[in-house]
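Engineer:
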Amino acid sequence: MNTLEAAFDELVPATTDFGDWGDVLARAGVGERPQPAQPRRRRRALLFLAVAAALLAPAAIVAAILARTNVIFSSSKPAPNLVKKKFSDLGFHSGSRFGIEPLAALAREVGTFSFGGHRHKLWVVPTRRGGFCWTFERSSGGCTTAPFERSPIGLSYLEDLIEGTIDTAASQITGIVERGVERVQVRYADGSTSDVPVVYVSPPIDAGFFAADIPARHFTKATRATAVVALDGGGRELGRSTFRYEPSAHRPPRRPPLRTRPATLPAAPPAPPSEPAQRGLSDGFSVVAGANGVFAFQAQELPPFVERLIGTSVNYGCFKLVREFGIFGAKGTYVSRKLSRSETFEMSGPLPHPWDGCEIQASYGHRWPDRNGSHSAVEIPLTATGRRYFADRAAARDLALFVRSRSVKEIRGRPPDALARGLGSYPIVRLASPDASPPAGKIGWAPTPGGATFVERSRTGRRFVVEVRNGKVVRTNVKPYAFVF
Amino acid sequence: MSPSPATIAAIEDVYRRHYARFLRVARAALGDDLARDAVQEAFARAIRERLSYRGEGPLEAWIWRLLVNVCADERRSPIAPAPGTDAVNGPAREWPELRGAIAALPERQRLALFLRHYADLDYESIAAVLGVRRGTVAATLHAARESLRQALTEVIS
Numbered sequence: 022m023n024t025l026e027a028a029f030d031e032l033v034p035a036t037t038d039f040g041d042w043g044d045v046l047a048r049a050g051v052g053e054r055p056q057p058a059q060p061r062r063r064r065r066a067l068l069f070l071a072v073a074a075a076l077l078a079p080a081a082i083v084a085a086i087l088a089r090t091n092v093i094f095s096s097s098k099p100a101p102n103l104v105k106k107k108f109s110d111l112g113f114h115s116g117s118r119f120g121i122e123p124l125a126a127l128a129r130e131v132g133t134f135s136f137g138g139h140r141h142k143l144w145v146v147p148t149r150r151g152g153f154c155w156t157f158e159r160s161s162g163g164c165t166t167a168p169f170e171r172s173p174i175g176l177s178y179l180e181d182l183i184e185g186t187i188d189t190a191a192s193q194i195t196g197i198v199e200r201g202v203e204r205v206q207v208r209y210a211d212g213s214t215s216d217v218p219v220v221y222v223s224p225p226i227d228a229g230f231f232a233a234d235i236p237a238r239h240f241t242k243a244t245r246a247t248a249v250v251a252l253d254g255g256g257r258e259l260g261r262s263t264f265r266y267e268p269s270a271h272r273p274p275r276r277p278p279l280r281t282r283p284a285t286l287p288a289a290p291p292a293p294p295s296e297p298a299q300r301g302l303s304d305g306f307s308v309v310a311g312a313n314g315v316f317a318f319q320a321q322e323l324p325p326f327v328e329r330l331i332g333t334s335v336n337y338g339c340f341k342l343v344r345e346f347g348i349f350g351a352k353g354t355y356v357s358r359k360l361s362r363s364e365t366f367e368m369s370g371p372l373p374h375p376w377d378g379c380e381i382q383a384s385y386g387h388r389w390p391d392r393n394g395s396h397s398a399v400e401i402p403l404t405a406t407g408r409r410y411f412a413d414r415a416a417a418r419d420l421a422l423f424v425r426s427r428s429v430k431e432i433r434g435r436p437p438d439a440l441a442r443g444l445g446s447y448p449i450v451r452l453a454s455p456d457a458s459p460p461a462g463k464i465g466w467a468p469t470p471g472g473a474t475f476v477e478r479s480r481t482g483r484r485f486v487v488e489v490r491n492g493k494v495v496r497t498n499v500k501p502y503a504f505v506f
Numbered sequence: 519m520s521p522s523p524a525t526i527a528a529i530e531d532v533y534r535r536h537y538a539r540f541l542r543v544a545r546a547a548l549g550d551d552l553a554r555d556a557v558q559e560a561f562a563r564a565i566r567e568r569l570s571y572r573g574e575g576p577l578e579a580w581i582w583r584l585l586v587n588v589c590a591d592e593r594r595s596p597i598a599p600a601p602g603t604d605a606v607n608g609p610a611r612e613w614p615e616l617r618g619a620i621a622a623l624p625e626r627q628r629l630a631l632f633l634r635h636y637a638d639l640d641y642e643s644i645a646a647v648l649g650v651r652r653g654t655v656a657a658t659l660h661a662a663r664e665s666l667r668q669a670l671t672e673v674i675s
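Protein chains in written order, with my numbering: chain B, 22 to 506; chain R, 519 to 675.
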């Protein structure tokens, strides 16, 4: 390793810090700005996760008073397994810093909202410490954490440019309200108002949710939305969030930087791996995987391919293969570092050992055929299951990489004869039928109606398939090992 | 085709994927005390000024430029650290010569080094961030490395 680069690395070590997006939104004036004098309120605001992008096709909002819909959490429809898995992953990856810990198995579908030109289901889940998380389908979501001191309204919104001007106007709102809020009303610069639908969800959620587009007629400076107001059943205002608009060409005066105490950086190495530890050795690296979730990588005799990667950016990771809510996948932690001869990191979330494998992934330009056989630069299985996973993933990746490579994508949609001619130029084998299998490590293909079916068999015997019709992938089983499109 | 402004979601995506790299460059440029604030401010500016992003280059490069501007503003601030003290800091206090040598580099050379080494940006991206040509980046980095090597030969070789 270049000594100068090594010195640079020591001067400012890489971290795995993931920032605080809520604070960015608040500083930018998007959503509710935290009040520095009210730290508990600010903390809650920071945990509102980000607003998703959406193209806007304003839907009508009923101008009359809208009574809120009350939903009983316990009798609501359970959320799909994929949503439960996402809530579970959210808890794992947020780690101990926020202590969110959604009780993913309890996730429920509690309503449907129309905004952004689509209908979006709302899923909610309680968290271990008394808060909750929510997500609008294909849109925004967030979490509150315990102790959760509700304020009447928490708002996120999107704004867009008013056509022909440098001014902006709110175009879409989403948010949560406390239990006493019966109505959520948008107020406009022209004095008019409109109610938006509110769904209240009973304990353990015990909060209301709203989401709506702002009507197109309020997309002028004279008529744009100015505030969202939370009202009780008698029309009394319980709280409000106001919109802060800045003309796009106007640079607001620079906000004096917050002089906050910096968060503790993981400058010191974590504790050593604890016993009972698992040990593995492969591809020139050994790893000790501690029962405490600490992993120590140590270079041994590196193969030339790995030696050349020293000093380049890689991802170290260790994982456990799990089936959560019926969905199989590798769950673990990956950290981005420069490849060095020894490295230690810690699992970000709660996951009991034993682990199934560790690896070092490098970015060196993946082309088909991959120079490393579609394996990661370093793969260290810690269990038989981990060994099978690495083998299966390599086969799935190889197949996916081939099918989605630029040159193959160019010929995938050709008529049968032209497709066959095009595929003839690759080192792959033609199969007698789409149900046949090629030799292990080889890709096979057979013509099928409107296209072709590609097959690769892993060393474990597992068979991966991608069927292409009219140039599009219509059937595959390479997930979760690889992506193909 | 009219240029499209950046969306908040796209900016968030850059933040979530590359926060650690942005923070590392800011720590190199400003030191730990100011770095987090600088990154937060750069992304907040990105959101506030997203409508002025014209899609003339990668969004990430545009945000890198905002961070460079924020760092420059901070360094002009009377409370910013003096070069060579905390401007490049970290646990390796045994590298005072290197810290001093980096602090002595011209601003552009120092930023180019940080963007190359800590952000892992390629020459094209660094050129876009600093508003110079690709060849200028190569020359700038070469000059910076030579300066450091000359200053530090006896220290780190």
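No residue lacks a Cβ here, since even glycine has one placed at the ideal position from N, Cα and C.
Classify B:Pro437 as buried or exposed, calling it buried when 16 or more other Cβ atoms lie within 10 Å of its own Cβ.
Structural biologist: The count along the first sequence starts at 1 and reaches residue 437 of chain B at position 416. Counting Cβ neighbours within 10 Å, B:Pro437 comes out exposed, since fewer than 16 surround it.
Engineer: Taking DSSP as the reference, what is the three-state secondary structure of B:Val33?
Structural biologist: Along the first sequence, one-based indexing puts residue 33 of chain B at 12. If DSSP states are grouped into helix, strand and coil, B:Val33 belongs with coil.
Engineer: Can you tell me whether B:Thr354 is helix, strand or coil according to DSSP?
Structural biologist: Position 333 of the first sequence, counting from 1, holds the residue named residue 354 of chain B. The answer is strand: DSSP assigns B:Thr354 an E or B state.
Engineer: Taking Cβ positions, are B:Gln321 and B:Gly305 nearer each other than 7 angstroms?
Structural biologist: As a working mapping, residue 321 of chain B is identified with position 300 in the first sequence. As a working mapping, residue 305 of chain B is identified with position 284 in the first sequence. Contact: yes.
Engineer: What is the rounded straight-line gap between the Cα of B:Thr156 and the Cα of B:Pro147?
Structural biologist: One-based indexing of the first sequence puts residue 156 of chain B at position 135. One-based indexing of the first sequence puts residue 147 of chain B at position 126. Cα to Cα, the separation comes out at about 12 angstroms.
Engineer: On the criterion of 16 or more Cβ atoms from any shown chain inside 10 Å, does B:Ile381 qualify as buried, or is it exposed?
Structural biologist: What you label residue 381 of chain B is simply residue 360 of the first sequence in a count that begins at 1. So B:Ile381 counts as buried.
Engineer: Can we say the region 171-184 of chain B touches the region 212-224 of chain B, given the rule of at least three CB pairs closer than 8 angstroms?
Structural biologist: The region 171-184 of chain B, when compared against the region 212-224 of chain B, does not touch it at the 8 angstroms Cβ threshold.
Engineer: Buried or exposed for B:Gln319, going by 16 or more other Cβ atoms inside 10 Å?
Structural biologist: The residue you call residue 319 of chain B lines up with position 298 of the first sequence. Label assigned to B:Gln319: exposed.
Engineer: Please report the distance separating the alpha-carbon of B:Leu444 from that of B:Ala461.
Structural biologist: Counting from 1 along the first sequence, the entry for residue 444 of chain B is found at position 423. Counting from 1 along the first sequence, the entry for residue 461 of chain B is found at position 440. So the alpha carbons of these two residues sit roughly 19 angstroms apart.
Engineer: To the nearest angstrom, how far is it from the Cα of B:Lys359 to the Cα of B:Asn498?
Structural biologist: Counting from one through the first sequence, the residue named residue 359 of chain B turns up at place 338. Counting from one through the first sequence, the residue named residue 498 of chain B turns up at place 477. Distance between the alpha carbons of B:Lys359 and B:Asn498 is about 33 angstroms.
Engineer: Using a Cβ-Cβ cut-off of 6 angstroms (strictly less than) and excluding sequence neighbours within five positions of B:Ala228, which residues of its own chain qualify?
Structural biologist: Start at 1 with the first residue of the first sequence, and residue 228 of chain B comes out as number 207. The answer, listed in chain order, is Ile197.
Engineer: Can you check which of these residues, B:Gly112, B:Glu431 and B:Gly394, is closest to B:Arg480 by C-alpha distance?
Structural biologist: As a position in the first sequence, residue 480 of chain B is number 459, starting the count at 1. The shortest Cα separation from B:Arg480 among B:Gly112, B:Glu431 and B:Gly394 belongs to B:Gly394.
Engineer: Note down the Cα distance separating R:Ala621 from R:Arg628, rounded to an integer number of angstroms.
Structural biologist: As a working note, residue 621 of chain R is residue 103 in the second sequence. As a working note, residue 628 of chain R is residue 110 in the second sequence. When rounded, the distance between both Cα atoms is 8 angstroms.
Engineer: Please state the DSSP three-state secondary structure of B:Leu124.
Structural biologist: As a working note, residue 124 of chain B is residue 103 in the first sequence. Residue state, collapsed to three classes: coil.
Engineer: My output table needs one value for B:Leu259: the three-state DSSP class, helix, strand or coil.
Structural biologist: The residue you call residue 259 of chain B lines up with position 238 of the first sequence. Of the three classes helix, strand and coil, the one that applies to B:Leu259 here is strand, per DSSP.
Engineer: Candidates B:Trp466, B:Asp456, B:Arg442 and B:Leu302: which alpha carbon is nearest B:Val450's?
Structural biologist: As a first step, residue 450 of chain B is located in the first sequence; it is residue number 429 there, counting from the start. If we check each option's Cα against that of B:Val450, B:Trp466 comes out closest.
Engineer: For a test of the three-state rule: what should DSSP assign to R:Gly653, helix, strand or coil?
Structural biologist: As a first step, residue 653 of chain R is located in the second sequence; it is residue number 135 there, counting from the start. In this structure, R:Gly653 counts as helix in the three-state DSSP scheme.
Engineer: Which residues bound the beta strand (DSSP E) around R:Ser624?
Structural biologist: Here residue 624 of chain R is taken as the residue at index 106 of the second sequence, counted from 1. For the sequence presented, residue 624 of chain R should be read as Pro rather than Ser. Premise fails: R:Pro624 is in no beta strand (DSSP E) and is neither H nor E.
Engineer: Would you identify the three-state DSSP class for B:Phe231, choosing helix, strand or coil?
Structural biologist: To locate residue 231 of chain B, count along the first sequence from 1; it is residue 210. B:Phe231 falls in the strand class under three-state DSSP.
Engineer: Going by the CB atoms, is the gap between B:Arg208 and B:Ala248 shorter than 7 angstroms?
Structural biologist: Along the first sequence, one-based indexing puts residue 248 of chain B at 227. Along the first sequence, one-based indexing puts residue 208 of chain B at 187. A contact, by the Cβ cut-off of 7 angstroms.
Engineer: Residues of the region 632-649 of chain R in Cβ contact with chain B at a cutoff of 7 angstroms, in chain order, please.
Structural biologist: From the region 632-649 of chain R, only His635, Tyr636 and Asp638 have a Cβ closer than 7 angstroms to chain B.
Engineer: Where does the unbroken beta strand (DSSP E) through B:Thr406 begin, and where does it stop?
Structural biologist: One-based indexing of the first sequence puts residue 406 of chain B at position 385. Premise fails: B:Thr406 lies in the alpha helix (DSSP H), Ala405 to Arg425, not in any beta strand (DSSP E).
Engineer: What does R:Ala562 touch in chain B if you count any residue whose Cβ is under 7 angstroms from its own?
Structural biologist: In the second sequence, the residue the question calls residue 562 of chain R occupies position 44. Ordered by position in chain B, the residues that pass the 7 angstroms Cβ test against R:Ala562 are Val45, Arg48 and Ala49.
Engineer: Over the uninterrupted beta strand (DSSP E) stretch that includes B:Pro173, give me the two end residues.
Structural biologist: Your numbering for residue 173 of chain B matches position 152 in the first sequence. That residue, B:Pro173, is in no beta strand (DSSP E); it is neither H nor E in DSSP.
Engineer: For a contact meaning CB atoms closer than 8 angstroms, what does B:Ser334 contact in chain R?
Structural biologist: Your numbering for residue 334 of chain B matches position 313 in the first sequence. In chain order: Asp638.
Engineer: B:Lys98 by DSSP, collapsed to three states: which one?
Structural biologist: Reading the first sequence from its first residue, position 77 is the one you call residue 98 of chain B. Of the three classes helix, strand and coil, the one that applies to B:Lys98 here is strand, per DSSP.
Engineer: By Cβ distance below 6 angstroms, which residues in the same chain neighbour B:Asn336 in space, the five residues on each side in sequence not counted?
Structural biologist: Start at 1 with the first residue of the first sequence, and residue 336 of chain B comes out as number 315. Once the five neighbours on either side are set aside, the close Cβ partners of B:Asn336 are Tyr355, Ser357 and Gln382.
Engineer: Please specify which runs of the beta strand (DSSP E), each continuous and at least 3 residues long, are wholly inside the region 445-490 of chain B, giving them in chain order.
Structural biologist: List check, beta strand (DSSP E) in window: 464-469, 472-478 and 484-490.
Engineer: Counting Cβ pairs closer than 8 angstroms, one from the region 523-534 of chain R and one from the region 425-434 of chain B, do we hit at least three?
Structural biologist: No, they do not touch.
Engineer: Using a beta-carbon distance below 7 angstroms, is R:Gln558 in contact with chain B?
Structural biologist: Working through the second sequence from its first residue, we reach residue 558 of chain R at position 40. Yes, R:Gln558 counts as interfacial toward chain B.
Engineer: Rounding to the nearest angstrom, what Cα-Cα distance links B:Asp413 and B:Pro390 in this structure?
Structural biologist: As a first step, residue 413 of chain B is located in the first sequence; it is residue number 392 there, counting from the start. As a first step, residue 390 of chain B is located in the first sequence; it is residue number 369 there, counting from the start. Answer to the nearest angstrom: the Cα atoms are 16 angstroms apart.
Engineer: Should R:Ala662 be labelled buried (16 or more other beta-carbon atoms within 10 Å of its own) or exposed?
Structural biologist: Position 144 of the second sequence, counted from the first residue, corresponds to residue 662 of chain R. With 16 or more other Cβ atoms within 10 Å, it is buried.
Engineer: How long is the line joining the alpha carbons of B:Ser369 and B:Ala35, rounded to whole angstroms?
Structural biologist: Taking the first sequence and counting its residues from 1, one reaches residue 369 of chain B at position 348. Taking the first sequence and counting its residues from 1, one reaches residue 35 of chain B at position 14. One C-alpha to the other measures close to 16 angstroms.
Engineer: So B:His141 packs on B:Ser172, CB below 8 angstroms; how close in whole Å?
Structural biologist: Translated into the one-based positions of the first sequence, residue 141 of chain B becomes position 120. Translated into the one-based positions of the first sequence, residue 172 of chain B becomes position 151. Actually they are not in contact, since the Cβ atoms of B:His141 and B:Ser172 sit about 24 angstroms apart, beyond 8 angstroms.
Engineer: When you compare only the Cα positions, how much space is there between B:Gly137 and B:Glu158?
Structural biologist: As a working mapping, residue 137 of chain B is identified with position 116 in the first sequence. As a working mapping, residue 158 of chain B is identified with position 137 in the first sequence. Approximately 11 angstroms between the Cα atoms of the pair.
Engineer: Could you tell me how far apart the beta carbons of R:Glu592 and R:Leu552 are, in whole angstroms, since I believe they sit closer than 8 angstroms?
Structural biologist: As a first step, residue 592 of chain R must be located in the second sequence, where it is residue number 74. As a first step, residue 552 of chain R must be located in the second sequence, where it is residue number 34. The pair is a contact, with the Cβ atoms about 6 angstroms apart (cut-off 8 angstroms).
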